[in-house]
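Residue numbers (the UniProt record's numbering): 1 to 310. Everything on this sheet refers to the single structure shown next.
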């Protein structure tokens, strides 16, 4: 519905332009909801509510004055380790979260053989242990990418470019694990925006290998953190491995991003908390008083823009 409003107002808007317009047209719907985050761009996000309630009047007003974002630049970071045993899933314990066994628990001879045979492969992967965080730092120093889907700028695809402002982060992660449901995955940006992209699932007791793709629109170049909290009698037990990660960053250069191209209409929409986050380029989880204060500021701003009561 909101896309229809935008395109009716400005038919040449691209999906990327709309993806910028939506968070700038949203506000916190309830001052009593906890869990709101502000990112380093000064935008607010909630794991379950998203960017919040869309202010349709503001959306249409912004769409009328919107300057298109610059060409889309895409870079990809990929790292995989050697394959782990094909019979890995057969070595697991009962498929119940409270009965998960050590990764190598079979008989002594079997365990010793597996550890010896695949020691080099396991050493190059990211081991997963109960009650422990496994952190994968991407350490992206080269932000070079290639242009894609660059209409209406009419830029030739696969032209070298730099991803300096992130619009979207796509994480593909591969693992082998004795209880998939005990995994919890976070994506963390250098500006300290920490978003839960996979929560724990008590009924998901699948043992074996798997891969999933996650998308985030509130991040920049950062790291992945995998947590576990399923009970285990021995905290040193290794019960899984991350065997591959791929991070795809989509964005544009500093001078072509949505905020810079539309600073005159977006800057007045910043709240006190959002403005401080933008200046310091540092995100955090909002405290109760910050949520209430932001709710009031956003509500009053909507009233002043529309001259009507929602």
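C-beta: ideal position from N, C-alpha, C; glycine also.
Nearest-angstrom Cα separation, counted from residue j out to residue i
i	j	result
residue 69	residue 207	44 Å
residue 273	residue 178	42 Å
residue 60	residue 285	29 Å
residue 73	residue 251	5 Å
residue 147	residue 40	24 Å
residue 198	residue 305	37 Å
residue 173	residue 246	6 Å
residue 77	residue 215	15 Å
residue 300	residue 188	32 Å
residue 210	residue 48	25 Å
residue 259	residue 129	41 Å
residue 62	residue 9	10 Å
residue 155	residue 161	11 Å
residue 42	residue 36	12 Å
Start-to-end residues for the beta strand (DSSP E) that takes in residue i
i	result
residue 11	From DSSP, residue 11 is part of no beta strand (DSSP E); its letter is neither H nor E.
residue 195	194–198
residue 49	Neither: residue 49 is in no beta strand (DSSP E) and is coded neither H nor E.
residue 145	144–148
residue 183	183–188
Three-state secondary structure (DSSP) of residue i
i	result
residue 207	coil
residue 155	coil
residue 164	coil
residue 74	strand
residue 301	helix
residue 17	helix
residue 94	Its pLDDT being 38, under 50, residue 94 is placed unreliably in this model, and the coordinates cannot settle the point.
residue 169	strand
residue 40	coil
residue 250	strand
residue 240	strand
residue 134	strand
residue 140	coil
residue 68	coil
residue 293	helix
residue 128	strand
residue 217	coil
Segment limits, alpha helix (DSSP H) that includes residue i
i	result
residue 65	56–65
residue 28	Unbroken run through residue 28: none, as it is neither H nor E.
residue 270	Unbroken run through residue 270: none, as it is neither H nor E.
residue 259	258–261
Checklist entry - Is it true that the stretch 30–45 meets the stretch 285–302, where meeting means three or more beta-carbon pairs spaced less than 8 Å apart? => result Judged by pairs of C-beta atoms under 8 Å, the stretch 30–45 touches the stretch 285–302, as three or more such pairs exist.
Next on the checklist: Assess contact between the stretch 133–145 and the stretch 191–205, defined as three or more Cβ pairs (one per stretch) separated by less than 8 Å. Is contact present?
Outcome noted: Contact between the stretch 133–145 and the stretch 191–205 is absent: fewer than three C-beta pairs spanning the two stretches fall below 8 Å.
Next on the checklist: Using a Cβ distance threshold of 8 Å, determine whether the stretch 165–178 contacts the stretch 244–263, with at least three qualifying pairs required.
Outcome noted: At 8 Å Cβ cutoff, the stretches touch.
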